[in-house]
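The opening residue of the sequence shown carries number 92 in our numbering; numbering runs sequentially from there.
Reading through the structure tokens given below for one structure.
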Amino acid sequence: MVIHEAEGAWVTDIHGNRYLDGMSGLWCVNAGYGRKELAEAAYKQLNTMPYYPLTQSHVPAIQLAEKLNEWLGGDYVIFFSNSGSEANEAAFKIAKTISCAKKGESTRTKFISRYRSYHGNTAAALAATGQAQRKYKYEPLGQGFIHVAPPDMYRHPEDQDTLASAAAIDQAMTWELSETIAGVIMEPIITGGGILMPPKGYLKKVKDICEAHGALLIVDEVICGFGRTGKRFGFYA
Numbered sequence: 092m093v094i095h096e097a098e099g100a101w102v103t104d105i106h107g108n109r110y111l112d113g114m115s116g117l118w119c120v121n122a123g124y125g126r127k128e129l130a131e132a133a134y135k136q137l138n139t140m141p142y143y144p145l146t147q148s149h150v151p152a153i154q155l156a157e158k159l160n161e162w163l164g165g166d167y168v169i170f171f172s173n174s175g176s177e178a179n180e181a182a183f184k185i186a187k188t189i190s191c192a193k194k195g196e197s198t199r200t201k202f203i204s205r206y207r208s209y210h211g212n213t214a215a216a217l218a219a220t221g222q223a224q225r226k227y228k229y230e231p232l233g234q235g236f237i238h239v240a241p242p243d244m245y246r247h248p249e250d251q252d253t254l255a256s257a258a259a260i261d262q263a264m265t266w267e268l269s270e271t272i273a274g275v276i277m278e279p280i281i282t283g284g285g286i287l288m289p290p291k292g293y294l295k296k297v298k299d300i301c302e303a304h305g306a307l308l309i310v311d312e313v314i315c316g317f318g319r320t321g322k323r324f325g326f327y328a
């Protein structure tokens with residue numbers, strides 16, 4: 092299928108056939124196709140300044156950082172990347188750096204992830220991904236990524252009461268030794284691996300587990316964030 096044009100939630104191929112795009116491109120056109128105001132804003136910025144590296148700052152980056160802080164309800168340091176894969180790679184580096192610089196714990200080099208999750212196509216992001224079919228041809232990838240079973244309310248509805256899927260993270264961190272774990276990375280809702288919804292209270296439980304083990308929680312909002320769940324971010328949903 093060769094797509095020729097798109098408008099709203101619909102795409103049209105070169106033969107004039109129209110299709111409803113239920114995935115919004117590759118999850119990223121959640122504002123819809125053919126939005127005139129977005130094209131005009133991009134055109135205006137391209138005329139003013141199309142690009143400048145973030146070794147220095149610039150006004151649009153500052154404005155976006157302020158908007159993100161408004162949405163998050165805090166005063167956070169915002170670091171921009173070019174893609175979701177790079178954002179997760181940066182998150183791994185930051186987690187290790189914080190462990191070393193602030194805690195003096197150079198042994199914290201591992202990350203807990205979940206099977207069926209997707210975190211990107213670069214080396215470490217792919218190693219964190221829990222979908223074997225995406226990465227077996229390129230292994231061995233980066234070391235230090237431990238995978239546990241994800242929540243699966245369809246097959247294990249009892250998880251709503253037991254939160255056993257969260258306990259699996261606690262157990263893995265204990266068995267791998269807490270002092271070696273830099274962080275846990277997860278999508279609020281596992282998307283490309285089957286739209287696996289967590290039970291109520293799951294994210295809060297995982298956050299508490301991370302704090303108990305002295306590890307950081309990395310929430311991968313590349314697909315779930317910015318209104319795609321009906322909330323500003325997936326961890327609110």
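C-beta: ideal position from N, C-alpha, C; glycine also.
Bounds of the beta strand (DSSP E) holding L308 are L307 to V310.
Taking the Cα of G274 as reference, the smallest distance to any Cα among L145, Q222, H238 and E131 is reached at H238.
Nearest neighbour of G211 by Cα position, chosen from D166, F171 and S176, turns out to be S176. A178 counts as buried, since at least 16 other C-beta atoms from the protein chains shown sit within 10 angstroms of its C-beta.
Between P242 and P290, the CB-CB gap stays under 8 Å. Put simply, the region 304-313 does not touch the region 138-154. Fewer than three CB pairs are less than 8 Å apart. For V120, the closest of A100, A130 and Y134 by C-alpha to C-alpha distance is A100.
Cβ atoms of G284 and G221 come within 8 Å of each other, at about 7 Å. Counting C-beta atoms within 10 angstroms of its own C-beta, G325 has 16 or more neighbours from the protein chains shown and is therefore classed as buried. The DSSP-derived three-state label of A328 is coil. Each residue's CA atom was taken as its position, placing Y229 and I169 some 32 Å apart. Three or more beta-carbon pairs separated by less than 8 Å link the region 178-189 to the region 200-218, which places the two stretches in contact. Proximity to Y293 across T271, K201, G318 and I260 peaks at I260, based on C-alpha coordinates. In the three-state reduction of the DSSP assignment, S190 falls in the helix class.
Between Y167 and N160, the CB-CB gap stays under 8 Å. Residue environment analysis places K187 among the buried positions, since at least 16 neighbouring C-beta atoms fall within 10 angstroms of its C-beta. In the three-state reduction of the DSSP assignment, V313 falls in the coil class, being assigned neither a helical nor a strand state. In this structure, DSSP gives M288 a state outside helix and strand, which the three-state scheme calls coil.
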